[in-house]
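Take a look at the structure set out below.
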Amino acid sequence: MRVLLVSINRVRHPYPVYPLGLDHVAAALAPGHDVRIVDLCPGEPGGGALEAAVREFVPDAVGISVRNVDSTDFTAQRGFAGDVRDAVAAIRGATSAPVVLGGAGFALFPRELLRVTGADWGFLGEGEACAPLFEAIEAGRSPQGVPGVVAPGGSLPAPARGIDPRGPAAPGLNPALGWYLAHGGILNLQTQRGCPFRCTYCTYPAIEGSRSRLFDAVSAADRARRLQDAGARYLAITDSVFNAHPEHCLAIADAFRAAGVAVPWSAFFAPTAPPAGFYERLAAAGLSHVEFGTESLSDPMLPRIGKSFRKGDVLAAHRAARAAGVHVAHFLLFGGPGETAETVEETLAAAEELDGAPLFVFCGMRIYPGTGLWSRAVEEGQVDPAAPLLEPTYYRPAAIGLDAIVERVSRHAATRPAWVVGDGAQRVQDQVAYLHERGRAGPLWEWLSVA
Ligand code: B12
Numbered sequence: 019m020r021v022l023l024v025s026i027n028r029v030r031h032p033y034p035v036y037p038l039g040l041d042h043v044a045a046a047l048a049p050g051h052d053v054r055i056v057d058l059c060p061g062e063p064g065g066g067a068l069e070a071a072v073r074e075f076v077p078d079a080v081g082i083s084v085r086n087v088d089s090t091d092f093t094a095q096r097g098f099a100g101d102v103r104d105a106v107a108a109i110r111g112a113t114s115a116p117v118v119l120g121g122a123g124f125a126l127f128p129r130e131l132l133r134v135t136g137a138d139w140g141f142l143g144e145g146e147a148c149a150p151l152f153e154a155i156e157a158g159r160s161p162q163g164v165p166g167v168v169a170p171g172g173s174l175p176a177p178a179r180g181i182d183p184r185g186p187a188a189p190g191l192n193p194a195l196g197w198y199l200a201h202g203g204i205l206n207l208q209t210q211r212g213c214p215f216r217c218t219y220c221t222y223p224a225i226e227g228s229r230s231r232l233f234d235a236v237s238a239a240d241r242a243r244r245l246q247d248a249g250a251r252y253l254a255i256t257d258s259v260f261n262a263h264p265e266h267c268l269a270i271a272d273a274f275r276a277a278g279v280a281v282p283w284s285a286f287f288a289p290t291a292p293p294a295g296f297y298e299r300l301a302a303a304g305l306s307h308v309e310f311g312t313e314s315l316s317d318p319m320l321p322r323i324g325k326s327f328r329k330g331d332v333l334a335a336h337r338a339a340r341a342a343g344v345h346v347a348h349f350l351l352f353g354g355p356g357e358t359a360e361t362v363e364e365t366l367a368a369a370e371e372l373d374g375a376p377l378f379v380f381c382g383m384r385i386y387p388g389t390g391l392w393s394r395a396v397e398e399g400q401v402d403p404a405a406p407l408l409e410p411t412y413y414r415p416a417a418i419g420l421d422a423i424v425e426r427v428s429r430h431a432a433t434r435p436a437w438v439v440g441d442g443a444q445r446v447q448d449q450v451a452y453l454h455e456r457g458r459a460g461p462l463w464e465w466l467s468v469a
């Protein structure tokens with residue numbers, strides 16, 4: 019049957035992110051079905067690309083990938099559920115084919131997104147396992163009861179996992195590939211799934227599972243090489259925490275070198291003290307940008323948000339990565355349980371020691387259902403346990419208001435060009451887009467520290 023896969027994400031900050039997940043879904047369905055992808059990121063809102071694709075392709079089923087639900091930024095809140103609702107309405111105007119929602123954003127709010135958008139079915143879990151859902155639709159059977167399938171108003175199944183998750187060897191059918199290559203040149207890949215960490219606010223274990231599943235380094239490197247051959251000028255590794263298993267990173271680095279991967283690449287790292295020579299070996303294989311999920315530099319705060327590292331580890335990781343000659347940035351997240359004016363000051367002061375690093379700072383922890391932060395907020399009466407929370411709700415520390423944190427952090431950032439508060443920093447978006455238009459590749463945040 020004909021399956022149309024839609025990526026509706028139009029967010030272009032910090033740069034346009036290639037919809038990797040849909041390539042995986044397309045590869046899983048392509049052997050048995052006629053699959054087409056329509057990617058709405060390059061076009062303008064209301065540009066009619068979706069309706070045109072539906073009318074031209076005449077699909078028997080439509081799958082929508084819901085990546086972002088909101089900006090997750092207290093200082094610049096934007097929600098995207100309305101875009102999904104509008105996309106479903108546009109599809110309904112052009113076909114009676116059933117509409118299925120999937121993706122990381124969908125996994126966080128499945129019932130609510132089905133309700134708000136009016137889609138027919140949802141799929142929880144890895145797209146590699148979604149073929150039975152489409153087979154049921156093709157056979158005219160109800161997909162109810164198929165692993166991972168959610169019906170509107172229905173109960174939630176366990177996420178469907180377990181099928182080889184490495185994805186297609188080469189970039190898939192996305193006709194917008196060339197547009198991404200022209201807007202930053204960044205393609206992406208995973209080298210593992212799952213997140214074994216226990217950060218209280220975070221959704222990654224819920225989305226990917228809490229057990230790491232490491233991909234074989236040679237096939238991950240083969241995929242990286244094919245992305246390079248397809249024109250990628252930069253690779254983003256999208257693993258939840260790349261260095262959860264340092265020996266895996268080293269195997270990946272060695273395999274990249276053996277496979278002839280020559281383009282630079284980046285990943286998210288936990289700022290844990292690394293083994294000797296760790297960053298040197300990764301840098302020798304092309305690692306150019308390290309993004310540390312640091313969140314706080316206050317030793318009392320770190321365990322409260324489920325971090326096992328302390329300020330000393332962050333500084334050690336920072337220095338080790340800098341000494342290897344790679345660009346280093348840190349993410350900070352203020353406003354967790356137990357945050358006080360003192361812990362905010364502690365983090366601001368300690369951040370001065372992170373020489374040469376841009377700091378991406380978020381104020382306010384969004385409460386996601388099922389996380390440790392959510393349990394705490396429920397206990398404290400901050401949220402109703404039945405509240406869907408699709409509308410972003412942020413944790414409120416008892417000792418300091420979020421507005422006071424924003425004010426203090428923004429004042430600090432005002433005199434420091436390498437500090438970016440929230441995702442709403444227009445100057446940064448404009449600067450990166452400008453450099454991409456002139457042919458530069460990669461995330462380019464290193465330019466902030468010289469601004
Ligand atoms: C890596 C990453 C980034 C990187 C991307 C780098 C790159 N070049 O690719 C960076 C740092 C740039 C980034 C930025 C942002 N991100 Co981000 N990111 C992630 C992360 C960790 C992994 C995404 C990924 O690539 N996964 C691997 C692919 C293969 O998986 P997938 O897309 O989920 O697809 C699989 C399944 O979901 C499913 N599937 C997908 N679509 C469909 C469709 C159908 C029909 C079916 C059946 C199945 C299906 O099958 C696929 C294969 O198994 C996720 C968290 C997570 N662990 O998922 C957050 C996440 C997606 N990001 C999120 C957010 C909010 C953002 C930002 C808006 C943050 C900000 N304020 O700046 C920006 C937006 C960027 C943009 N332009 O869209 C949220 C989205 C949820 C939400 N709250 O809205 C997530 C879920 C994290 C979170 N907070 O919970 N991000």
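Mapping the sequence shown onto this note's numbering, position 42 (from 1) lands on 60, and the numbers just tick up by one. All C-beta atoms, glycine included, are put in the ideal place defined by N, C-alpha and C. On a predicted model such as this, the values are computed, not experimentally measured, just so you know.
Residue i burial status per 10 Å Cβ neighbour count (16 or more: buried)
| i | result |
| --- | --- |
| Thr472 | This structure does not reach residue 472, given that the chain is present from 19 up to 469, and the question cannot be answered. |
| Tyr452 | exposed |
| Leu174 | exposed |
| Glu363 | exposed |
| Ala157 | exposed |
| Arg384 | buried |
| Gln210 | buried |
| Ser258 | buried |
| Gln208 | buried |
| Ser25 | buried |
| Pro403 | exposed |
| Pro193 | exposed |
| His454 | buried |
| Ser114 | exposed |
| Ala469 | Interpretation of Ala469 is limited by its pLDDT of 48, a score under 50 that renders its predicted location unreliable; the figure taken from the coordinates is listed afterwards. Ala469 should be labelled exposed. |
| Arg472 | Outside the displayed range of the chain (19 to 469) lies residue 472, so it cannot be described from this structure. |
| Phe124 | buried |
| Gly343 | exposed |
| Thr221 | buried |
| Val279 | buried |
| Asp234 | exposed |
| Pro318 | exposed |
Endpoints, the beta strand (DSSP E) within which residue i is located
| i | result |
| --- | --- |
| Glu313 | 305-313 |
| Arg184 | Counting along the chain, Arg184 falls outside any beta strand (DSSP E), and DSSP gives it neither H nor E. |
| Leu407 | Neither: Leu407 is in no beta strand (DSSP E) and is coded neither H nor E. |
| Gly81 | 79-83 |
| Phe286 | 283-287 |
| Val438 | 437-439 |
Enclosing alpha helix (DSSP H) for residue i [first to last residue]
| i | result |
| --- | --- |
| Asp41 | 38-47 |
| Val134 | 128-135 |
| Ser160 | Where Ser160 is concerned, there is no enclosing alpha helix (DSSP H), given that its DSSP letter is neither H nor E. |
| Trp474 | Past the boundaries of the shown model lies residue 474; the chain is included only from 19 to 469, so the question cannot be answered. |
| Val87 | Per DSSP, Val87 belongs to no alpha helix (DSSP H) and is neither H nor E. |
| Phe75 | 67-75 |
| Glu428 | With the sequence shown as reference, residue 428 is identified as Ser, and Glu is not the correct amino acid for it. Taken as a continuous stretch (DSSP letters only), the alpha helix (DSSP H) holding Ser428 covers 420-432. |
| Glu371 | Where Glu371 is concerned, there is no enclosing alpha helix (DSSP H), given that its DSSP letter is neither H nor E. |
| Ala10 | Residue 10 cannot be examined here, being either before or after the span of the chain that is shown, 19 to 469. |
| His454 | 444-455 |
| Pro34 | Looking at the DSSP string, Pro34 is not in any alpha helix (DSSP H), and its letter there is neither H nor E. |
| Tyr198 | 195-200 |
| Leu320 | 319-322 |
Bridge partners - residue i, DSSP secondary structure assignment
| i | result |
| --- | --- |
| Asn206 | Ala254 |
| Leu13 | Absent from the model: residue 13. The displayed extent of the chain is 19 to 469, so no value can be given. |
| Arg54 | Leu22 |
| Gly140 | Leu119, Val168 |
| Trp465 | None; Trp465 has no bridge partner. |
| Phe296 | Answer is none; Phe296 lacks a bridge partner. |
| Arg211 | Arg231 |
| His345 | His307 |
| Ala178 | Gly143 |
Review point. Which whole runs of the alpha helix (DSSP H) in the segment 213-264 are 4 residues long or more, in chain order?
Key: Fully contained in the segment 213-264 are the following alpha helix (DSSP H) runs of length 4 or more, in chain order: 222-226, 235-247.
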